[in-house]
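Asker:
Numbering (my numbering), first residue to last: 1325 to 1633.
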């Protein structure tokens, strides 16, 4: 990456852990493959510096799991398994190195920057600012991930069929509608589509919980709510509807319309960063879940093709 890239990255593993870490999975500054930096960032296993402000922090939140607990010094053992049963750190390193020479590097570089800004503002507890970058990540992946996935199908016919199904829908609403169709088509037989994303009202008082719950509930259709919803503590949204929920939150707050009764009015919220803290954590977990599914699909496809050579 160029010197103008806004962030620098450093190792967070102990020397003992590094002794058993494959070289291609170690952080060596900005010379690493962008995909590795993204995976370490999402899994809470990296130190980050925002160059301009010289602000440094350790990203410890693991957005790869619903409990957000980091793998700490067991990353080498636990993370590779997210890409498939029996997937090893050697196979992950092989795929990471392969990714350095692919045309998708520009896409991964953009995603890395957006995620780094998200983590930077989250660590500074500027959650409304962080949401902007969460949404930018969503917009980046909305077209790119479906196309990356389609390119890894095992035949031209399957690729054509998938793209035809995606494009045959009414996608006049833009890339998010395209992405929603992708999720529904690709994950239709996966437990993921039957799952839900829990937005927990982590507020200090019941009154705050109730207000945040009611405000966020207005951002999703009744049909999008999961049975796991526990008012006013947890707003649970169906997996396939979470993207629409995030878009509605953005529109209701950042696209303020005078006289529109469905706006999120900052004058009625004691702590706007508190509201977006609720949205951001679960929102990035949802994005990460889909991102990992596509990375896993690509990695396993790469290894299958390689073993056939």
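The beta-carbon is built from N, C-alpha and C at its ideal position, and this holds for glycine as well.
#1: Who does residue 1334 pair with in a DSSP beta bridge?
#2: What is the DSSP secondary structure of residue 1496, counted as helix, strand or coil?
#3: If distances are taken between C-alpha atoms only, which option among 1504, 1336, 1380 and 1433 comes closest to residue 1396?
#4: With DSSP run on the structure shown, which of helix, strand or coil describes residue 1523?
#5: Check this for me: beta carbons of residue 1375 and residue 1331, under 9 angstroms apart or not?
#6: Counting only the same chain and skipping the five closest in sequence on each side, list residues whose C-beta sits under 7 angstroms from that of residue 1649.
#7: Would you report the Cα separation of residue 1528 and residue 1450, rounded to the nearest angstrom?
#8: I'd like the span of the beta strand (DSSP E) that includes residue 1382, first residue to last.
#9: Among 1551, 1547 and 1555, which has the Cα closest to the Cα of residue 1539?
#10: Just reading off the beta strand (DSSP E) that residue 1560 is part of, what are its end residues?
#11: Between the stretch 1358-1376 and the stretch 1621-1628, can you find at least three pairs of beta-carbon atoms closer than 8 angstroms?
#12: Taking the alpha-carbon of residue 1339 as reference, which of 1357, 1351, 1567 and 1359 has the nearest alpha-carbon?
#13: The ligand GDP heavy atoms versus the CB of residue 1400: any closer than 8 angstroms?
#14: Got a sec? Which residues, its chain only, sit under 8 angstroms from residue 1342 by beta carbon, not counting five neighbours each side?
#15: Which of helix, strand or coil does DSSP assign to residue 1352?
#16: Tell me whether residue 1554 sits in a helix, a strand or coil according to DSSP, three-state version.
#17: Counting only the same chain and skipping the five closest in sequence on each side, list residues whose C-beta sits under 7 angstroms from that of residue 1543.
#18: Residue 1624 lies in the alpha helix (DSSP H); which residues open and close that run?
#19: Would you give the residue range spanned by the alpha helix (DSSP H) that residue 1536 belongs to?
#20: In terms of DSSP beta bridges, what is residue 1406 paired with?
#21: Determine the direct distance from the alpha carbon of residue 1546 to that of residue 1596, and round the result to whole angstroms.
#22: Can you tell me whether residue 1444 is buried or exposed? The criterion is at least 16 other CB atoms within 10 Å of its CB, across all chains shown.
#23: Can you give, in chain order, each stretch of the alpha helix (DSSP H) that sits fully within the stretch 1387-1445 and has at least 4 residues?
#24: Is the Cβ-Cβ distance between residue 1385 and residue 1432 less than 9 angstroms?
#25: Can you give me the Cβ contacts of residue 1358 inside the same chain, cut-off strictly under 7 angstroms, excluding the 5 residues immediately before and after it?
#26: Work out the CA separation of residue 1560 and residue 1637 for me, nearest whole Å.
Answerer: Inspection of the coordinates gives the following:
#1: Looking at the DSSP output, residue 1334 shares a beta bridge with 1371.
#2: Residue placement at residue 1496 cannot be trusted, given a pLDDT of 48 that sits under 50; the coordinates are not used to answer.
#3: Of the candidates 1504, 1336, 1380 and 1433, the residue whose Cα lies closest to the Cα of residue 1396 is 1336.
#4: strand
#5: yes
#6: The chain is shown only over 1325 to 1633; residue 1649 falls outside these bounds and no answer can be derived.
#7: 18 angstroms
#8: 1379-1383
#9: 1555
#10: 1558-1562
#11: Because the criterion of three Cβ pairs below 8 angstroms is not met, the stretch 1621-1628 and the stretch 1358-1376 do not touch.
#12: It is 1351.
#13: Of the ligands one can find in the structure shown there are none, so the ligand GDP has no counterpart to examine.
#14: 1335 and 1350
#15: Here residue 1352 sits in strand by DSSP.
#16: strand
#17: 1569, 1572, 1573 and 1576
#18: Run containing residue 1624: 1596-1632, per the alpha helix (DSSP H) assignment.
#19: 1530-1541
#20: None; residue 1406 has no bridge partner.
#21: 24 angstroms
#22: buried
#23: 1399-1402 and 1413-1423
#24: Not closer than 9 angstroms, so no.
#25: 1429, 1432, 1433 and 1436
#26: There is no way to answer for residue 1637, as the model of the chain reaches only from 1325 to 1633.
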